[in-house]
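Quick note: to get this note's numbering, add 342 to the position in the sequence shown (first position is 1).
Every residue, glycine too, gets a C-beta built ideally from N, C-alpha and C.
Here's the structure, in C-alpha cells; my notes come after.
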Amino acid sequence: SASSVKIRYDVLQTAVSPLSNHKMVRVRKKTTMHTVPIKAIKAPKSVDSDYSKQKQKTKLDSTAKPAAIGPMTTEKEVRALFSLWNSALATGDSRIVASRYTKNPVLLPTISDRVRTDFDGIKDYFDNFLLNEPDGRIIEGHISIGDGWANDSGIYEFTMGTTGDKVKARYTFLYVQEDGVWKIQHHHSSVMPEEIAMGKSITEDEVRGLFSLWNDALATLDPRRVAYLYSKKAVLLPTMSDTPRRNFSSIEDYFTIFLQNKPQGEILESNVTIGHNWAQDCGIYEFTMGTTGKKVKGRYSFIYVYEDNEWKISHHHSSIMPECIVIAEPITETEVRSLFNLWNDALATEDPCKVADRYSKNGVLLPTVSDIPRTDYPGIVDYFTHFLKLKPQGEILDGNIIVGTNWAQDAGVYEFTMGTTGDKVKGRYTFVYVFEDGEWKISQHHSSVMPEGNKPQVITEEEVKNLFQLWNSALITLDPDAVAKRYAKNAVLLPT
C-alpha cells in the first residue's frame with residue numbers, strides 16, 4: 343500500500359545479555375518472552391533519550407543496588423500506585439495529577455495526539471480531561487517488577503461523572519523511584535482498537551439522551567458548558583443568528599446571548615439514524631423561555647460524532663417553523679403613497695361601499711366629523727354615506743411614510759376640497775396599511791381637525807360693527823346668494 347500510518351509505541355529494556363556480541367532486549371508479548379536483537383528495533387532518539395536518563399539514574403545493570411526506600415516487592419503495592427493516581431483524578435486538580443509523574447515523564451494520552459514530556463504539558467492535558475470528572479478502575483492488569491522499577495499494563499475503564507458514560511482503554515504505567523517516592527515515569531493510554539474498527543455502539547435512546555445532556559447544559563446558564571458539548575470542528579447554524587458558528591469561541595458567543603432567555607427544551611418529534619461512530623437526531627423541539635414563559639417551536643438536526651472518548655455535537659442546525667415565517671410583501675414609499683390615491687378615487691365614486699372596501703376586515707376608522715369609532719364594515723359605510731354628500735376630494739400636503747413587514751404607515755396633513763361648496767378643509771391623518779388577502783388594505787385610519795384651527799378668534803367691538811356693513815353691502819348687490827353666504831351653515835333667521 344502507498345499509504346502510511348502513524349503509531350505510538352513502547353519498548354521496555356530490562357537487561358543486557360553478557361553472552362552475545364549484540365546488545366539484546368527482552369520484549370514481553372502475551373505470556374511468552376522473545377529475545378530480539380536490539381538493532382532490529384528502531385526507535386526515535388526523542389523517546390530513547392528519556393529512557394537513557396532514567397537508566398543512568400537507576401543504573402539498571404547486574405550490579406544495581408536498591409533505591410533509597412527499597413524495591414517494590416508485591417503486585418499489590420504496584421497496583422496501589424494506580425489508586426494514588428486515580429485519587430488524584432478525583433480531586434479535579436490537574437496540578438495534583440501532574441505531580442504523580444516524574445520530573446522527566448512521557449505521557450501518551452488517550453485523547454490527544456501530542457506527547458507530553460513535562461509538568462506543564464501533563465497539566466494541560468488533564469485540565470481538559472478532568473472536566474469529565476473521570477473515575478477509573480482496572481479491569482485487567484499485568485504487573486512486572488524490576489530493580490527500582492515496576493510496570494503495570496492492561497485494560498482500565500473510566501466512568502465519567504458528568505455524563506455517566508463508561509469508556510474502556512488500554513494502559514501502560516512504568517513506575518520508578520524519584521526523590522524517595524514512586525512516580526509515573528511513563529504512561530501510555532490508548533483506545534480499544536477493535537472499538538475503533540467496529541465503531542462505538544450507541545442505541546437510539548442513548549442518542550436522544552445526548553439532547554438531555556445539552557439541555558442540562560443550557561440550564562446551567564453557562565455558555566462555556568454548552569460550547570464544550572460541541573466537537574472540535576463543529577458547525578452550529580443557530581435559530582436566531584444569520585452567522586454560522588464554526589469554533590468554540592463563536593459557539594460560546596451565540597449561547598451567551600441565547601441563554602439570557604433561560605431556555606429549556608423538549609423534543610416533540612425525533613428521528614434517529616445511527617452510523618459508524620456517528621449518529622443523527624432530527625425533528626421538532628420546543629423551548630420554554632424562563633424569562634417570559636413564551637414557548638417557541640423549531641426544527642432541529644443534531645449530528646453526533648465520537649471524539650476523544652465522548653459523543654460530541656459535530657453539526658447542529660436549528661430553524662424556525664417555516665409556516666410561522668412571515669414573508670414580507672415588498673412595497674416602496676411611492677407605492678404606499680399611491681394607496682391614498684386609491685382611497686381618494688373611491689371617494690370620487692360617491693359610493694360608500696366602494697370606500698369601505700378599501701378597509702381591512704378588522705379595520706378601525708376614527709373619523710374627522712364623528713365621535714363614534716367605526717370598527718366594522720357597516721359602521722364605515724354609514725360614516726361615508728353622510729360624508730360623501732359633500733363630494734370631497736383629498737390631497738396630501740405633508741406626509742411621512744414607514745414601511746415594515748407586511749405593513750406600512752402614512753401620516754401627515756391632508757386637505758379636502760368640498761365639491762358642493764368649494765370649501766377647503768385641512769385635517770391630520772394616519773393610515774396604517776396591512777397586506778391582506780393579496781391586497782394592501784387600510785387597517786387603521788385616524789383623521790382629526792387641525793388643533794390650532796379650533797382656537798377662539800379674537801374680535802373687537804369695532805370689528806363686530808363692521809360685520810353689519812359687510813351684510814349691508816351684500817344687500818346692495820341685490821344678490822340673495824351673496825346675502826345668504828353671510829350666514830353660518832347652521833344659522834337661524836327670524837325675518838321681519
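Query, Result
"Could you work out which residue in 442, 666, 835 is closest to residue 468 when comparing CA atoms only?", "442"
"Pair every Cβ in the stretch 656 to 667 with every Cβ in the stretch 737 to 748, then say whether three or more of these pairs are closer than 8 Å.", "no"
"In or out: residue 764 buried (at least 16 other Cβ within 10 Å) or exposed?", "exposed"
"Is it right to say residue 813 is buried, meaning 16 or more other beta carbons lie within 10 angstroms of its own, or is it exposed?", "exposed"
"When DSSP builds the beta bridges, which residues end up paired with residue 786?", "706, 774"
"Does the Cβ-Cβ distance between residue 609 and residue 568 come in under 9 Å?", "no"
"With DSSP as the reference, please indicate the residues paired to residue 629 in a beta bridge.", "607, 638"
"Beta carbon of residue 485, beta carbon of residue 417: below 9 Å?", "yes"
"Distance check for residue 777 and residue 466, CA to CA, integer angstroms please.", "60 Å"
"Alpha carbon to alpha carbon, how far is residue 722 from residue 728? Give it in angstroms, no decimals.", "11 Å"
"Should residue 849 and residue 705 be called a contact, given that it needs their Cβ atoms to be closer than 9 Å?", "The structure shown does not extend to residue 849, since the chain spans only 343 to 838, so no value can be given for it."
"So, at 6 Å on beta carbons, what are the nonlocal neighbours of residue 603 in its own chain, with the 5 sequence-adjacent residues on each side left out?", "631, 633"
"Classify residue 493 as helix, strand or coil using the three-state DSSP reduction.", "strand"
"Assuming residue 447 is part of the beta strand (DSSP E), what are its boundary residues?", "443 to 450"
"Whole angstroms are fine: how far does the CA of residue 773 sit from the CA of residue 841?", "No answer is possible for residue 841: it lies beyond the span of the chain, which begins at 343 and ends at 838."
"Between residue 736 and residue 691, what straight-line distance do the alpha-carbon atoms span, to the nearest angstrom?", "13 Å"
"Around the C-beta of residue 444, are 16 or more other C-beta atoms found within 10 angstroms, so that it is buried, or is it exposed?", "buried"
"For the 8 Å Cβ check, are there 3 or more pairs between the stretch 673 to 688 and the stretch 707 to 721?", "no"
"From what residue to what residue does the alpha helix (DSSP H) around residue 823 run?", "822 to 826"
"Can you tell me the Cα-Cα spacing of residue 820 and residue 716, whole angstroms?", "46 Å"
"For residue 602, which three-state DSSP category applies?", "helix"
"For the stretch 543 to 609, which segments carrying the alpha helix (DSSP H) assignment without a break, of at least 4 residues, lie completely within its bounds, in sequence order?", "546 to 561, 565 to 569, 590 to 600"
"Compute the distance between the beta-carbons of residue 527 and residue 447, then report whether it is under 9 Å.", "yes"
"What are the start and end residues of the alpha helix (DSSP H) that includes residue 652?", "It is not in any alpha helix (DSSP H) - residue 652 instead sits in the beta strand (DSSP E) that spans 652 to 662."
"Smallest Cα separation from residue 617: which of 653, 638, 635, 587?", "653"
"For the alpha helix (DSSP H) containing residue 677, list its first residue and its last residue.", "675 to 690"
"Going along the chain, which unbroken runs of the alpha helix (DSSP H) with 4 or more residues stay wholly within the stretch 411 to 438?", "417 to 432"
"According to the Cβ coordinates, are residue 517 and residue 525 closer than 9 Å?", "yes"
"With a 10 Å radius around its C-beta and 16 neighbouring C-beta atoms as the bar for buried, classify residue 792 as buried or exposed.", "exposed"
"So residue 476 is in the beta strand (DSSP E); what residue range does that whole segment cover?", "476 to 487"
"Can you tell me which of the three DSSP states residue 799 falls into?", "coil"
"Could you check if residue 494 is buried or exposed, using at least 16 other CB atoms within 10 Å of its CB as the buried criterion?", "buried"
"Are the stretch 577 to 592 and the stretch 542 to 554 in contact at 8 Å, needing three or more beta carbon pairs?", "no"
"Enumerate in chain order the residues of its own chain whose CB-to-CB distance from residue 675 is below 8 Å, with the five nearest sequence positions on each side excluded.", "743, 745"
"Beta strand (DSSP E) containing residue 722: first to last residue?", "Where residue 722 is concerned, there is no enclosing beta strand (DSSP E), although the alpha helix (DSSP H) it sits in stretches over 719 to 729."
"So, with DSSP's three-state summary, where would you put residue 815?", "helix"
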